[in-house]
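**Q** Protein sequences appear in the order of chains G and D.
Going left to right, the first sequence walks through residues 1 to 250 as the UniProt record's numbering numbers them.
Going left to right, the second sequence walks through residues 1 to 310 as the UniProt record's numbering numbers them.
We put the beta carbon where it would ideally sit given N, CA and C, even for glycine.
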Amino acid sequence: MKLLVAVKRVIDYNVKVRVKADRSDVDLANVKMALNPFCEIAVEEAVRLKEQGVASEVVVVSIGGKACQEQLRTALALGADRAIQVEAPDSPDALSVARILAKIAETEQPGLILLGKQAIDSDNNQTGQMLAALLNRPQATFASEVKVEGEHLLVTREVDGGLQTLKLTLPAVVTTDLRLNEPRYASLPNIMKAKKKPLEVKTAEDLGVTVGSKIRLLGVEPPAERSAGIKVGSVAELVEKLRNEAKVIA
Amino acid sequence: MSILVLAEHDNQSLKPVTLSVIAAAKAIGADVTLLVAGHQCGEVAEQAAQVVGVQKVLLADAPAYAHQLAENVSQLLLEQAQGCSHVLAAATTTGKNVLPRVAALLGVNQVSDVLAIEAPNRFKRAIYAGNAIAQVESDESVQVLTIRGTAFDPVAATGNSATIERVDSVFESADVSFSHEALAKSDRPELTAASIVVSGGRGLGNGENFDMLYKVADKLGAAVGASRAAVDAGYVPNDMQVGQTGKLVAPELYIAVGISGAIQHLAGMKDSKVIVAINKDEEAPIFQVADYGLVADLFEAVPELENAIS
């Protein structure tokens, strides 16, 4: 079974973003970029399925400018076999991304498609679900455990009340939650080897998808700042303040 | 304009977050239809009919909808959304699972986790873990939105008597089935709806020490939350996680115990009215957002706190 994993280049999760002075967008100039943490978990899961002998090949795909090849190389260093970059304008909307991935899936015919549950920049949490809909395949979102059993997939999902397990018929689409696995680090020899692995470049037009967006960003503002609080010296003082000043406890 | 809202429920009762989604729908204006999809959920439809602001309740009661699987419910929503200007659901794990599938079937983009309605097609939402608020305008023919419950004051749960209409269509995918679930049991209020939340982090050291927080929470009538570090370390189950990738809360009072205050945790609680931090590290970033900070060893401070509020 072939696995397809979608990965996204995003701002490093440790960076505190700033809104541009003109409030047109956030400032991404000279900011450290990285592989989206949820995508990293998806790659790790795919590589583990290959190591278990369940999967035969792991193909990673990323959509965006040439810079996202860096993240594809990272995925290759983690154990993916080959990569596809789909050249497209930066920050395409989720539906365009899902349409492109659906086209790739048509040619590659993967048995399982893995994506992160959300990208930490746009925080949309949409692409995997949209892709499953376009392919008319079952989906298991927010996965914390994935087991392949013949033609089926047993997936445990993190839902609001606890955990839920679904049985899906392959091919299927799975989006990863944080607790699915602990991604490995790429070793230096693997990073060197990754440079020789195949990386194919396609364009959105080649795939017959017009990347645009009917959702326009009008502007961005910083979130409301909280006014600085005070330090209290004791538990007694804290309780007194909560009772009489903030009036939030009886 | 007519607005279709997917009700959040567990086949027995309507979840309070639905009342906030209806509030968002009323901010858009127009007719609000509430769709209750489930199995043996007649009681939910009865409750839904009483919610102020709801014109009509659609009840789709079939075994296929028992666990609100995205494959089945999205087809039902697609059918019922014909002619609607907006389709809304709560930004819960159910809404997040189902709605993007509906959007793709409709061939439109979705706006996720909306926290303000500026106009029927103009919304505000948080991006980058809540470090920026984006204002977006959508030119899609149908607006598909998930709503951040904590950002809208809930409408009244009673005082209305909307009509209930049965929907007979049953969509059932052969490619997916429910296997089993393990839901956490708790007598405490629901995390996202509680007026007081007490949360623990890595500083608690182990799962047993969370008992200290449960005691304080029980005295305050509070829910208990956790940071990702505490969940990853296995101290508490994942459904207690507060943060960018967990639950978003905005209680009257949030007490963070042994939590450093990483960006992704702050994303889930910084809209709380009053924030208290108890941490022995006075450099911890949580103190930058706390209204009241106590630099102390939590193992001494928390039992003391429990005594002080009794």
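#1: Which residue or residues does DSSP assign as beta-bridge partners of Leu115 of chain G?
#2: Suppose the cutoff is 7 Å on Cβ atoms and the five residues either side in sequence are ignored; what does the same chain contact list for Ala194 of chain D look like?
#3: Would you kindly check if the distance between the Cβ of Leu220 of chain D and the Cβ of Ile147 of chain D is under 9 Å?
#4: For Lys247 of chain D, write down the residues that DSSP places opposite it in a beta bridge.
#5: At least one CB of chain D closer than 9 Å to the CB of Pro89 of chain G: is that the case?
#6: Could you tell me which whole beta strand (DSSP E) segments of length 3 or greater appear in the segment 25-55 of chain G?
#7: Around the Cβ of Lys241 of chain G, are there at least 16 other Cβ atoms within 10 angstroms (buried) or fewer (exposed)?
#8: I'd like to know if the segment 69-76 of chain D and the segment 94-104 of chain D are in contact, where contact means that at least 3 CB-CB pairs between them fall below 8 Å.
#9: Using a Cβ-Cβ cutoff of less than 7 Å, which residues in the same chain neighbour Leu154 of chain G once the five nearest sequence positions on both sides are dropped?
#10: I'd like to confirm the pairing. Which residues does DSSP put opposite Asn279 of chain D in its beta bridges?
#11: When the Cα of Gly268 of chain D is compared with those of D:Val249, D:Cys41, D:Lys280 and D:Glu283, which residue comes out closest?
#12: Measure from the C-beta of Ile28 of chain D to each C-beta in chain G and report whether the shortest distance is under 9 Å.
#13: Under 9 Å between C-beta atoms, does Glu282 of chain D make it to chain G?
#14: Determine the closest residue to Ala217 of chain D out of D:Tyr235, D:Ile309, D:Ser13 and D:Gly107, with distance taken between C-alpha atoms.
#15: Any beta carbon from chain G within less than 9 Å of Pro237 of chain D's own beta carbon?
#16: So Ser138 of chain D and Asn121 of chain D are in contact, right, with Cβ under 8 Å, and what is the actual spacing, rounded?
#17: With 9 Å as the threshold, decide whether the Cβ of Ser179 of chain D is near any Cβ in chain G.
#18: Between D:Val231, D:Glu190 and D:Tyr235, which lies nearest to Asp211 of chain D when the distance is taken from Cα to Cα?
#19: So, is the C-beta of Pro120 of chain D closer than 9 Å to a C-beta in chain G?
#20: Does Arg226 of chain G come within less than 9 Å of chain D when only Cβ atoms are used?
#21: Please say whether Ile275 of chain D and Gly201 of chain D have beta carbons closer to each other than 9 Å?
#22: Does Phe299 of chain D have its Cβ less than 9 Å from a Cβ in chain G?
#23: If you measure between the beta carbons of Gly53 of chain D and Val32 of chain D, is that distance less than 9 Å?
#24: Check whether the segment 49-64 of chain D touches the segment 220-227 of chain G, taking contact to mean three or more Cβ pairs, one atom from each stretch, closer than 8 Å.
#25: Measuring straight from C-alpha to C-alpha, what distance separates Asp177 of chain G and Gly246 of chain D?
#26: Check whether chain D comes within 9 Å of Ser62 of chain G, counting only Cβ atoms and requiring the distance to be less than that.
#27: Do Gly128 of chain G and Thr175 of chain G count as a contact pair if the criterion is CB distance below 9 Å?
#28: Pick helix, strand or coil for Gly42 of chain D, following the three-state DSSP scheme.
#29: For the beta strand (DSSP E) that contains Tyr254 of chain D, what are its first and last residues?
#30: To test your reading of the DSSP string, which unbroken beta strand (DSSP E) runs of 3 or more residues are found completely within the segment 140-214 of chain G?
#31: Could you tell me which residues DSSP puts in a beta bridge with Gly225 of chain D?
#32: So which residues of chain G does Glu165 of chain D contact, with C-beta pairs closer than 8 Å?
#33: Pull out every residue of the segment 85-111 of chain D whose Cβ sits closer than 9 Å to any Cβ of chain G, in chain order.
#34: What does Glu158 of chain G touch in chain D if you count any residue whose Cβ is under 8 Å from its own?
#35: Using a 10 Å radius around the Cβ and a threshold of 16 neighbouring Cβ atoms, would you call Asp121 of chain G buried or exposed?
#36: Can you list, in chain order, the residues of its chain with a C-beta nearer than 6 Å to that of Ile63 of chain G? Leave out the 5 residues immediately preceding and following it.
**A** Working from what's here:
#1: As a position in the first sequence, residue 115 of chain G is number 115, starting the count at 1. Note: Leu115 of chain G sits in a beta bridge opposite G:Thr175.
#2: Counted from its first residue, the second sequence places residue 194 of chain D at position 194. Correct list, in chain order: Ala222, Ala223 and Pro251.
#3: Sequence index remark: in the second sequence, residue 147 of chain D carries index 147 (1-based). Sequence index remark: in the second sequence, residue 220 of chain D carries index 220 (1-based). Contact: no.
#4: Along the second sequence, read from residue 1 onward, the residue named residue 247 of chain D stands at position 247. Paired residue(s): D:Val242.
#5: By 1-based counting over the first sequence, the position of residue 89 of chain G is 89. With 9 Å as the cut-off, Pro89 of chain G does not count as an interface residue toward chain D.
#6: 33-35
#7: Indexing the first sequence from 1 puts residue 241 of chain G at position 241. Burial call: buried.
#8: yes
#9: Against the first sequence, residue 154 of chain G aligns to sequence position 154. Excluding residues within five positions, the ones whose Cβ falls inside 7 Å are Lys147, Thr165 and Lys167.
#10: Locating residue 279 of chain D in the second sequence gives position 279, counting from the first residue. Per DSSP, D:Val295.
#11: On the second sequence, position 268 is the one that residue 268 of chain D refers to. Answer by Cα proximity: D:Val249.
#12: By one-based count along the second sequence, residue 28 of chain D stands at place 28. Taking Cβ atoms only, chain G never reaches closer than 9 Å to Ile28 of chain D, which makes this a no.
#13: On the second sequence, residue 282 of chain D is found 282 positions in, with the first residue counted as 1. So yes, Glu282 of chain D belongs to the interface.
#14: Along the second sequence, one-based indexing puts residue 217 of chain D at 217. Taking only the C-alpha atoms, the option nearest Ala217 of chain D is D:Ile309.
#15: Against the second sequence, residue 237 of chain D aligns to sequence position 237. By this cut-off, Pro237 of chain D is an interface position.
#16: Position 138 of the second sequence holds residue 138 of chain D. Position 121 of the second sequence holds residue 121 of chain D. Between Asn121 of chain D and Ser138 of chain D the Cβ distance is about 5 Å, and since that is below 8 Å, they are a contact.
#17: Within the second sequence, residue 179 of chain D is the residue found at index 179, counting from 1. At least one chain G Cβ lies under 9 Å of Ser179 of chain D.
#18: Taking the second sequence and counting its residues from 1, one reaches residue 211 of chain D at position 211. Asp211 of chain D has its Cα closest to that of D:Tyr235, out of D:Val231, D:Glu190 and D:Tyr235.
#19: Your numbering for residue 120 of chain D matches position 120 in the second sequence. Judged by the 9 Å Cβ criterion, Pro120 of chain D is not in contact with chain G.
#20: Residue 226 of chain G sits at position 226 when you count from the first residue of the first sequence. Yes, Arg226 of chain G lies at the interface with chain D (some Cβ there is under 9 Å from its Cβ).
#21: Taking the first residue of the second sequence as 1, we reach residue 201 of chain D at position 201. Taking the first residue of the second sequence as 1, we reach residue 275 of chain D at position 275. No. Outside cutoff.
#22: Walking along the second sequence from the start, residue 299 of chain D turns up at place 299. No, Phe299 of chain D does not count as interfacial toward chain G.
#23: Here residue 53 of chain D is taken as the residue at index 53 of the second sequence, counted from 1. Here residue 32 of chain D is taken as the residue at index 32 of the second sequence, counted from 1. Yes. Within cutoff.
#24: no
#25: In the first sequence, counting from the first residue as 1, residue 177 of chain G sits at position 177. In the second sequence, counting from the first residue as 1, residue 246 of chain D sits at position 246. If you take the alpha carbons of Asp177 of chain G and Gly246 of chain D, they lie about 10 Å apart.
#26: For the purposes of this step, residue 62 of chain G is identified with residue 62 of the first sequence, where counting begins at 1. With 9 Å as the cut-off, Ser62 of chain G does not count as an interface residue toward chain D.
#27: Stepping through the first sequence from its first residue, residue 175 of chain G is reached at position 175. Stepping through the first sequence from its first residue, residue 128 of chain G is reached at position 128. Yes, these two residues count as a Cβ contact at 9 Å.
#28: Position 42 of the second sequence holds residue 42 of chain D. The answer is helix: DSSP assigns Gly42 of chain D an H, G or I state.
#29: Here residue 254 of chain D refers to the residue found at position 254 when the second sequence is read from its first residue. Run containing Tyr254 of chain D: Leu253 to Val257, per the beta strand (DSSP E) assignment.
#30: 152-159, 162-169, 172-176 and 199-203
#31: In the second sequence, residue 225 of chain D corresponds to position 225, counting from 1. Paired residues: D:Ser199.
#32: The residue you call residue 165 of chain D lines up with position 165 of the second sequence. By Cβ distance, chain G contributes nothing, its closest Cβ being about 26 Å from Glu165 of chain D, past 8 Å.
#33: Ala91, Thr92, Thr93, Thr94, Lys96, Asn97, Val98, Leu99, Pro100, Arg101, Val102, Ala103, Ala104, Leu105, Gly107, Val108, Asn109, Gln110 and Val111
#34: By one-based count along the first sequence, residue 158 of chain G stands at place 158. In chain order: Thr93, Asn238 and Asp239.
#35: As a first step, residue 121 of chain G is located in the first sequence; it is residue number 121 there, counting from the start. Answer is buried; the Cβ neighbour count reaches 16.
#36: Looking up residue 63 of chain G in the first sequence gives position 63. So the list reads Val86, Ala88, Val97 and Ile100, once near-sequence residues are dropped.
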